[in-house]
Amino acid sequence: MLARSPLVFRLALGPELHLWAKAGRTPVLWWRDDDAREPTPALERLLDLSRRHDAPLTVAAVAGPNLASLVRRCQDQPDIEIAVHGFQHVNRQPEGQGFGEIIDSDSVDWVLAQLRATVTRFHDAGATPTLFVPPWNNLKPQLITALSDTPIRAVSGFAQGVSEADGVSRLDAHLDVLRWKGGARFRGTWRFLARMRKLLAQRRVTGQWGQPIGLLTHHLDHDEDAWRFLDSFLGAFRVEARRCLQLQTLAEPTALCA
78 MLARSPLVFR
88 LALGPELHLW
98 AKAGRTPVLW
108 WRDDDAREPT
118 PALERLLDLS
128 RRHDAPLTVA
138 AVAGPNLASL
148 VRRCQDQPDI
158 EIAVHGFQHV
168 NRQPEGQGFG
178 EIIDSDSVDW
188 VLAQLRATVT
198 RFHDAGATPT
208 LFVPPWNNLK
218 PQLITALSDT
228 PIRAVSGFAQ
238 GVSEADGVSR
248 LDAHLDVLRW
258 KGGARFRGTW
268 RFLARMRKLL
278 AQRRVTGQWG
288 QPIGLLTHHL
298 DHDEDAWRFL
308 DSFLGAFRVE
318 ARRCLQLQTL
328 AEPTALCA
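In the working numbering, the protein residues as written are 78 to 335.
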């Protein structure tokens, strides 16, 4: 898998991937990109990477005024999935209490009304999403409860894993190419690969070979180092489509769409 990859990839991941290969296993990876609002040069660069590396991509989109043009552009390219990225992507948390669009005092009925209105906007724009990605990965209980009464069948946050509750599947991202403290910038090759090695080892030791690992990008915030690393990473690893992953199976190899 890493034969033609940069040396740093082989040094950081080679021993762990050798153990996977001895067991006849390969990692299951998927790719989510957040904060898309409209066609931009950065989006074109992202879609070009997806196309060149034959890497299916889930684009988490905000229902803004240019949603229809964004949907049309993504639909021009195979293996691009549109997901709902919040209602308006507005932080409603009290100052000093983090970030999130849903707050503790929101009722399930209010959340459901927002969900239905947002999904309708996506349908009107020509998309039929089945995945909801809350802004800032803030998954509130009211959201999970409300989703069961909508066409959305899965949610995606960060760093927890795969699960299913109340008829809603969960598939998270785990590997963010960016660091955010002090301003968005590339996380760094060694930092990224060290975290990936840890995630791979956890899955191997617990026998959860098929539990997906999610790559997370934010095309509007990438610096050149992030773009270069992403190009190298997608050249080294195969990425699967989110909608093809069997979320219910945690201990067995993940079944993929034919």
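Glycine included, each C-beta is placed from N, C-alpha and C at the ideal position.
According to the DSSP secondary-structure assignment, Ser246 is paired through a beta bridge with Ala231, Glu241. Taking a C-beta distance under 7 Å as the contact criterion, Gly244 and Asn214 do not qualify as a contact pair. Rounded to whole angstroms, the gap between the alpha carbons of Pro133 and Leu292 is 11 Å. Beta-bridge analysis with DSSP links Val85 to no other residue. In chain order, Leu90, Glu93, Leu94, Trp97, Pro104, Ile290 place their CB closer than 8 Å to the CB of Leu277, counting only its own chain and leaving out the 5 sequence neighbours on each side.
Nearest to Val185 by C-alpha distance, out of Thr227, Ala137, Gln279, is Thr227. By the neighbour-count criterion, in which a residue is buried when 16 or more other Cβ atoms sit within 10 angstroms of its Cβ, His130 is buried. Bounds of the alpha helix (DSSP H) holding Thr195 are 185-201. Within the stretch 244-289, the complete beta strand (DSSP E) runs of at least 3 residues fall at 245-248. Contact check for Arg198 against Ala140 passes: the beta carbons are separated by less than 7 Å. In this structure, DSSP gives Glu93 a helical state, which the three-state scheme calls helix. Check the Cα spacing between Pro206 and each of Ala194, Phe314, Ile229, Gly173: the tightest is with Ile229.
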